[in-house]
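Numbering (my numbering), first residue to last: 51 to 747. Note that CB positions come from ideal geometry on N, CA and C, so glycine has one too. Heads up: the structure comes next, in structure tokens.
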């Protein structure tokens, strides 16, 4: 095997490293996202591809959370919602979304999840190349790459479309370029590459801008023998160009979304998004705690501790730069209010994993040189790392997190952990331990596992809306679980996801609702609220001023269509009675292919039952062309709540062809439910009307 490897060129080995890592990432990838952050970035990319817009209005409901600060976006003055997550990852997702649109069989989510294997593969390939630049053997470089891919949480995050795998590549690139800049005979200008790597990390999160002084200082130190001030300045300018370009791009993106160069969507409010965690608690949690400790989730880190003195002696200035980057990570994320990262292990420390593996190289070199004791120790640690990663990738960590949230929620007040802080040092409840215990009894989180088929109603709902959609239609959905099919479908009207179980007095929810209706002439409302549910104030408001066109129930979902009523200048007075209910006025108007009917009712007597009103469009031959049978205002003003003298307006609309409009009339009436007995209809003279329905002329 060694002879075979020796025959391969360095470029071939780097390529094979990428291919193997990418393939492994595909093997363990999932069919779904693990964090709402990924969904937020994907929705932005979808809107860029489909509409040339940057909002995430489909995810408006995600602005409401049981945990303050967990909002994934920002509601602008216009009422549009914008993601606050990584702009660079959104940009990287955009071509993948375009690819999925060209080949729908790929699936949006699965295509977006190619980001994880791609950037993990690139990082592994660069890690190998770096080991060769540092003068280590090919075998040691391959061993380091294997340790990175199979022994650290890099494998778990290869399943994601988050910013950390991108930042990992960026920081390793910057470090690689820094090393090259220190070579006296460097023929290229590695400062640009160093700046580009750091810019890549900054594009995922502006917090990495804190590393600019670290790398700028390191560049100055490694070039200290070049005494010319002009030479130093030129090096720093070359380093700063990519960083400045990324900063300008981020500022421009902010301006497009918020009209401000500095507004990123983060709030930085005490107790929410701020640096409020006690530093000792955050650093200890990130490094040694069973719940999120770096050493637990990345066993090869133990090897780096043993190997560090040798690495430091061999690469002094490089090791100081690595320590500085690691220290900044620990300080910044140790103070961050959500230091644990809301995912698997110490998520925010993923970008320093390649640094830790680099430090293992002297020990790996000893292991491949047939030092039996060293080889046994290294093998044991790498095996432990593999076991941890198998437990990580095989089971969706959200399942156990949900259990902890239900059983051991975080107490009120400043949060020290996602759940009860006592869990941070509870070894028995460590996610690693629990995942390993459930390895053979839980559903595996792999894309190649058979998927549960979506309810048959979901494609039917999407298909019905697509086939009937018109210009200036919008979709408002009150069922967060429908986000995937609604963004997967092409050629749908604009989609707005609004929060459920919030009060009508919620100003932010009202603002999102008004934004959805701003330019709409028809609204598709999808919800699982039952008719007349007072919690569904969105429907109540639509019923109060819009005309109902249709309603269909499918597998627990109600799909309703409303049309904006044209301005009514005058109504025709009427004086028809249906038992204790009086028709006081009506108005019919055709607009395009839609017939609008507005009815004015009055409670002329006491009402104790809930009656159903019917509005039927009847052809010249008496056949039913279209109709709606429902309680007043769709159940929001049932007749049992009417008091004598109450006046109620109700609106209906019917989509008809021109031929149907030409020879039809509207008939209205009432009946009891479930007996289906019509209330007696009488004309102004008190005479009974045949059929107990009133034709509207």
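Cα-Cα separation, residue 113 to residue 531: Counted from its first residue, the chain shown places residue 113 at position 63. Counted from its first residue, the chain shown places residue 531 at position 481. Residue 113 and residue 531: Cα-Cα distance of roughly 15 Å.
Where residue 358 falls: helix, strand or coil (DSSP): Taking the first residue of the chain shown as 1, we reach residue 358 at position 308. Reduced to three states, the DSSP call for residue 358 is helix.
First and last residue of the uninterrupted alpha helix (DSSP H) at residue 207: Counting from 1 along the chain shown, the entry for residue 207 is found at position 157. Its alpha helix (DSSP H) spans residues 204–207.
Any non-hydrogen atom of the ligand ADP within 7 Å of residue 340 CB: This structure lacks the ligand ADP, and indeed carries no ligand of any kind.
When 679, 326 and 625 are compared against residue 736, the one with the closest alpha-carbon: Start at 1 with the first residue of the chain shown, and residue 736 comes out as number 686. Checking every option, the nearest Cα to that of residue 736 belongs to 625.
Inter-stretch contact (C-beta, 8 Å, three-pair minimum) for the stretch 540–559 and the stretch 103–113: yes
Sheet register partners of residue 596 (DSSP bridge): For the purposes of this step, residue 596 is taken as residue 546 along the chain shown, with counting starting at 1. Answer by DSSP bridge pairing, in chain order: 614.
Run of the alpha helix (DSSP H) containing residue 282, from where it starts to where it stops: Residue mapping note: residue 282 aligns to position 232 of the chain shown, counting from 1. 279–308 is the span of the alpha helix (DSSP H), which, as asked, contains residue 282.
Through-space distance from residue 471 to residue 455, alpha-carbon basis: Taking the chain shown and counting its residues from 1, the one referred to as residue 455 is at position 405. Taking the chain shown and counting its residues from 1, the one referred to as residue 471 is at position 421. Cα to Cα, residue 455 sits roughly 12 Å from residue 471.
The stretch 377–391 / the stretch 150–157 touching (three or more Cβ pairs under 8 Å): no
Closer than 8 Å to chain D by CB, residue 262: As a matter of chain content, chain D is missing from the structure shown, which is built from one protein chain.
Same chain, Cβ closer than 6 Å to residue 508, five either side skipped, listed in chain order: Translated into positions along the chain shown, residue 508 becomes position 458. Correct list, in chain order: 535.
Stretch-stretch touch, CB-based, cutoff 8 Å, three pairs: the stretch 482–493 with the stretch 517–529: no
Whole-number beta carbon distance between residue 489 and residue 444, since they are thought to touch under 8 Å: Locating residue 444 in the chain shown gives position 394, where the first residue counts as 1. Locating residue 489 in the chain shown gives position 439, where the first residue counts as 1. That pair is a contact at about 6 Å.
DSSP state of residue 459 mapped onto helix, strand, coil: Counting from one through the chain shown, the residue named residue 459 turns up at place 409. Here residue 459 sits in strand by DSSP.
Residue from 390, 555, 334 and 188 whose Cα sits closest to the Cα of residue 417: In the chain shown, residue 417 corresponds to position 367, counting from 1. Among 390, 555, 334 and 188, the Cα nearest to that of residue 417 belongs to 188.
Contacts around residue 150, its chain only, beta-carbon distance under 6 Å, and the 5 residues preceding and following it disregarded: On the chain shown, position 100 is the one that residue 150 refers to. So the list reads 156, 158 and 161, once near-sequence residues are dropped.
Simplified DSSP assignment, three categories, for residue 113: Taking the chain shown and counting its residues from 1, one reaches residue 113 at position 63. Helix at residue 113.
Given residue 88 as reference, the closest of 334, 630, 263 and 166 once Cα atoms are compared: Position 38 of the chain shown, counted from the start, is the residue given in the question as residue 88. Residue 166 is the option with its Cα nearest to residue 88.
Supposed close pair residue 676, residue 706 - CB separation, criterion 8 Å: In the chain shown, counting from the first residue as 1, residue 676 sits at position 626. In the chain shown, counting from the first residue as 1, residue 706 sits at position 656. The pair is a contact, with the Cβ atoms about 6 Å apart (cut-off 8 Å).
Cut-off 8 Å between Cβ atoms - residues of its own chain near residue 435, not counting five sequence neighbours on either side: Taking the first residue of the chain shown as position 1, residue 435 is located at position 385. Same-chain partners within the cutoff: 197, 200, 201, 202, 348, 349 and 350.
Of the residues 229, 363 and 604, the one placed nearest residue 513, counting alpha carbons only: Numbered from its first residue, the chain shown carries residue 513 at position 463. Answer by Cα proximity: 604.
Cα-Cα separation, residue 70 to residue 171: What you label residue 70 is simply residue 20 of the chain shown in a count that begins at 1. What you label residue 171 is simply residue 121 of the chain shown in a count that begins at 1. So the two alpha carbons sit approximately 8 Å from each other.
Buried versus exposed, by CB contacts within 10 Å (16 or more), residue 225: Here residue 225 refers to the residue found at position 175 when the chain shown is read from its first residue. It counts as buried.
Distance between residue 394 and residue 457 (C-alpha atoms, nearest Å): If you number the chain shown from 1, residue 457 lands on position 407. If you number the chain shown from 1, residue 394 lands on position 344. Using only the alpha carbons, I get a separation of about 19 Å.
Limits of the unbroken beta strand (DSSP E) element including residue 749: Residue 749 falls outside the range modelled here, since the chain spans only 51 to 747, and no answer is possible.
Secondary structure of residue 659, DSSP reduced to three states: Position 609 of the chain shown, counted from the start, is the residue given in the question as residue 659. Of the three classes helix, strand and coil, the one that applies to residue 659 here is coil, per DSSP.
Buried or exposed (CB count within 10 angstroms, at least 16 for buried), residue 671: One-based indexing of the chain shown puts residue 671 at position 621. By the 10 Å Cβ count, residue 671 comes out exposed.
Top-ranked residue by Cα proximity to residue 441, from 481, 74 and 356: By 1-based counting over the chain shown, the position of residue 441 is 391. Closest by alpha carbon: 481.
CB contact flag (residue 612, residue 565, <8 Å): In the chain shown, counting from the first residue as 1, residue 612 sits at position 562. In the chain shown, counting from the first residue as 1, residue 565 sits at position 515. Contact: no.
Terminal residues of the alpha helix (DSSP H) in which residue 440 lies: Locating residue 440 in the chain shown gives position 390, where the first residue counts as 1. It spans 422–444 - the alpha helix (DSSP H) in which residue 440 sits, taken as one unbroken run.
Cα-Cα separation, residue 528 to residue 369: Residue numbering aside, residue 528 sits at position 478 when the chain shown is read from its first letter. Residue numbering aside, residue 369 sits at position 319 when the chain shown is read from its first letter. So the alpha carbons of these two residues sit roughly 53 Å apart.
Distance, residue 715 Cα to residue 709 Cα: Translated into positions along the chain shown, residue 709 becomes position 659. Translated into positions along the chain shown, residue 715 becomes position 665. Whole-angstrom Cα-Cα distance: 13 Å.
Residue span of the beta strand (DSSP E) that contains residue 699, given as start and end: For this step, residue 699 is matched to residue 649 along the chain shown. Start and end: 697–705.
Nearest neighbour of residue 734, chosen from 685, 635 and 688 [CA to CA]: On the chain shown, residue 734 is found 684 positions in, with the first residue counted as 1. The shortest Cα separation from residue 734 among 685, 635 and 688 belongs to 635.
N- and C-terminal bounds of the alpha helix (DSSP H) containing residue 369: In the chain shown, the residue the question calls residue 369 occupies position 319. Here the alpha helix (DSSP H) through residue 369 covers 366–385.
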